[in-house]
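Protein chains in written order, with our numbering: chain F, 13 to 426; chain Y, 636 to 826. Just so you know, even glycine gets a beta-carbon here, dropped at the ideal spot from N, CA and C. Note that the coordinates shown come from a computational prediction; the quantities given were computed from them, not determined experimentally. Read the structure below first, then the notes.
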Amino acid sequence: MSGHPSTYEPKYAVTKWLDKRLPIVRMGADFMTYPSPRNLNYWWTFGGILTLCLMTQIITGIILAMHYVPHVDMAFDSVQRIKRDVPFGWLIQPMHAVGASMFFFAVYIHMFRGLYYGSYKAPREMVWIFGCVIYLLMMATGFLGYTLPWGQMSFWGATVITGFFGAIPVVGESVQQWLLGGFAVDNPTLNRFFALHYLLPFVIAAIVGLHVWAMHHAGQNNPIGIEPKSKKDTLAFHPYYTVKDGFAVGVFLLVFAFFVFYQPDALGHADNYIQADPMATPEHIVPEWYFLPFYAILRAVPDKLLGILLMVGAIAVLFILPWLDTSKVRSMRFRPITRMWFILFVIACFILGWCGAEAPDDTAFGLKFVWWSRFATIYYFAFFLIILPIMGLVEKPDELPESITKSVLGGAAE
Amino acid sequence: MSEHSEHSEHIDEDKRDFIYIATGAVAAVGAGALGWPLVMQMGKAKDTMAAGAIEIDLSKIAEGQQLKMLWRGKPVFVRHRTAEEIAEAEAVDVSGLPDPQTDNERLMPNAQGQLDPKFLVMVGVCTHFGCIPVGEQGKVSAQGEYGGWYCPCHGSHYDTSGRIRKGPAPKNLEIPDYSYISDTVIKVGKS
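Structural data, given as structure tokens:
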């Protein structure tokens, strides 16, 4: 799995015996000694942070499933019971709910990092594509999980999202009712959402395995985007990056703990403390913050089907990114013009997130939010479909360093 | 291995191809036959279908009042419209509407086979993203610019016939499949 010559020597009789039959200790040892580029910065610590997030969600999730009741009459109360009556439920439930937000926060940083440093370019296309699959599964899992507490936002969020399928021409209504198991979101829907919400994290874990395997096979990218050329350019994963990751995890957990202990509801919506009512819609339906940019894209066009296609396209375009960016230079450190376009792209994503949270007809800085959404949506797609393909052809990149070691040590590398 | 190659048996490639294809076809049909129930179990169950019809007594709704009933997990609006509301609904030139329908086209014949414009029966779900429009009696300000219903989610205005007049919704409020089973009772949905 690690793709570098193994240096593991079994010391004891039992490990020697095992090594001939199932070299699992060797696999772990090779993983720990994996030669990583010596110049990885803190943006590279989010892989480890995300692994921690996935484990946190799975462990807290399994515990919550022991107390949660997936029935429309009991789901809401059972979540409240977990928070109030179940021993340490007050801790475990917010860990799971806040954990979902922290997971998305980390994954967005991880994705922007990959985008900036060109980690999706050859030979790492499979790493990137598996990453996109993980992100897609995370979105599905997050959405399904948000339905389970059966509050008003749970119910109406599920209604709006499953309504997307109703917009498919001809078969839309049948597909939608097949997904719901009824004419509207109801008990059959809640039951299957619970079953799938329990399943998908394990699928994610499996895809993470492929993601890491592909990354170790192709080798890690690094901030200057040139391949390691000699042994001097790399460091063993342990202890150098286990320690660096460990420090970053500590800082990340401080933020995590702040929300869990002091602001467990800040990232959610107050309306979800009202039990689901199919007879009354909340005045303003908003998804969780991590879906807001896509919600803004959805609402940027007046046509329902076109809005959905744009939203799906906003994710689909990520999958083909390795073939859209025509530049051979990976890191945007050496692409001064594209770097500016990238910064604008990040800003556009924030604008979309902001628009997703507001009512389309309200105004900000003299412009209706729906127009802000439109401009940001256009830029979002233009960045991938126009700017990246063209910039690779017209931009003259800065000169690349000779090697990773040279870029770190300068003249002292001689 | 070398012993086998010396014999150089005659291999009938056509026969092998046939066996491959036949085996593959049987496996595909088997997988399909097993897959079908696994996929179809997600559809509507019999009890869900059975709960798909309700009866509503119209005589209990006073003029100007609206009844909201849960049908198939969605609200059904039954509005006993006033004479002004009916007149307003019928006076509209439908040719310029996003989803042109006359008021009569949105009604079902009663027990005598006639249209009764007093009772308007609709699925109370905005055709945009499925929110529930407001517009109950007494909430005049919430009835939108056309005196009917207003969806607070994204600002769709419906008139007194439930037709979309302004805003992002693509279609008029849906008319459910209903019929009069007596002079005053309607049945919404088929069981």
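For the alpha helix (DSSP H) that contains residue i, what are its first and last residues?
i       : result
D277(F) : First-last for D277(F): undefined, no H or E at that position.
Q701(Y) : No alpha helix (DSSP H) contains Q701(Y), which is instead part of the beta strand (DSSP E) from Q701 to W706.
P305(F) : L304 to A312
R33(F)  : A25 to R33
W190(F) : G184 to L192
W168(F) : Q164 to G178
C766(Y) : First-last for C766(Y): undefined, no H or E at that position.
E137(F) : E137 to T159
Y391(F) : F381 to A394
Measure the CB-CB distance between residue i and residue j and report whether it falls below 8 Å.
i       : j       : result
Y128(F) : M291(F) : no
P811(Y) : V820(Y) : no
H108(F) : T72(F)  : yes
G163(F) : A288(F) : yes
I721(Y) : P744(Y) : no
G169(F) : G237(F) : no
F271(F) : I61(F)  : no
V313(F) : L304(F) : no
C761(Y) : A724(Y) : no
I70(F)  : F142(F) : no
A248(F) : T45(F)  : yes
S385(F) : L364(F) : yes
L693(Y) : F754(Y) : yes
K679(Y) : G194(F) : yes
V769(Y) : K709(Y) : no
T5(F)   : I309(F) : Here chain F comprises residues numbered 13 to 426, so residue 5(F) is not present and cannot be evaluated.
L405(F) : T338(F) : yes
N234(F) : P409(F) : no
I416(F) : N53(F)  : no
Y302(F) : G154(F) : yes
M684(Y) : R204(F) : no
Applying the criterion that 16 or more other CB atoms from any shown protein chain within 10 Å of the CB defines a buried residue, is residue i buried or exposed?
i       : result
M150(F) : buried
D652(Y) : exposed
V341(F) : buried
H715(Y) : buried
H645(Y) : exposed
I355(F) : exposed
Y813(Y) : buried
P733(Y) : exposed
F346(F) : buried
K241(F) : exposed
T254(F) : exposed
P198(F) : First, the amino acid is wrong: residue 198(F) is Asp here, not Pro. D198(F) should be labelled buried.
Q701(Y) : buried
M251(F) : Looking at the sequence itself, residue 251(F) is Pro, so the reference to Met does not match. P251(F) should be labelled exposed.
E300(F) : buried
K32(F)  : exposed
M13(F)  : Since pLDDT at M13(F) reaches only 45, below the 50 mark, its modelled position is unreliable, and no value is offered.
H223(F) : buried
Over what stretch of residues does the beta strand (DSSP E) that includes residue i continue unbroken?
i       : result
R800(Y) : I799 to K801
P47(F)  : P47 to P49
R651(Y) : Careful: R651(Y) lies outside any beta strand (DSSP E), inside the alpha helix (DSSP H) at E648 to M675.
H108(F) : Per DSSP, H108(F) belongs to no beta strand (DSSP E); it is in the alpha helix (DSSP H), G101 to Y128.
S419(F) : Element bounds for S419(F): not the beta strand (DSSP E) but the alpha helix (DSSP H), I416 to L421.
Q: Return the residues of the region 795-806 of chain Y that lie within a Cβ-Cβ distance of less than 7 Å from chain F, sorted by chain order.
A: P803 and P805
Q: Could you run through the region 240-260 of chain F and flag, in chain order, every residue whose CB is less than 9 Å away from some CB of chain Y?
A: none
Q) Which of the residues in the region 744-767 of chain Y, read from start to end, lie with their CB under 9 Å from any CB of chain F? A) G759, V760, C761, T762, H763, F764, G765, C766 and I767
**Q.** Residues, ordered as in the chain, of the region 26-60 of chain F that lie near chain Y by beta-carbon distance below 7 Å
**A.** none
Q) Between the region 691-714 of chain Y and chain F, which residues of the former have a C-beta closer than 7 Å to a C-beta of the latter? A) K703, L705, R707, G708, K709 and P710
Q. Listed from N- to C-terminal order along the chain, which residues in the region 287-304 of chain F have their beta-carbon within a distance smaller than 8 Å of any beta-carbon of chain Y?
A. P290, M291, A292, T293, E295, H296 and I297
Q) Which runs of the alpha helix (DSSP H), 4 residues or longer, sit entirely within the region 47-85 of chain F? A) 58-77
Q. According to a CB-to-CB cut-off of less than 7 Å, which residues of the region 161-190 of chain F neighbour chain Y?
A. T171, V172, G175, Q189 and W190
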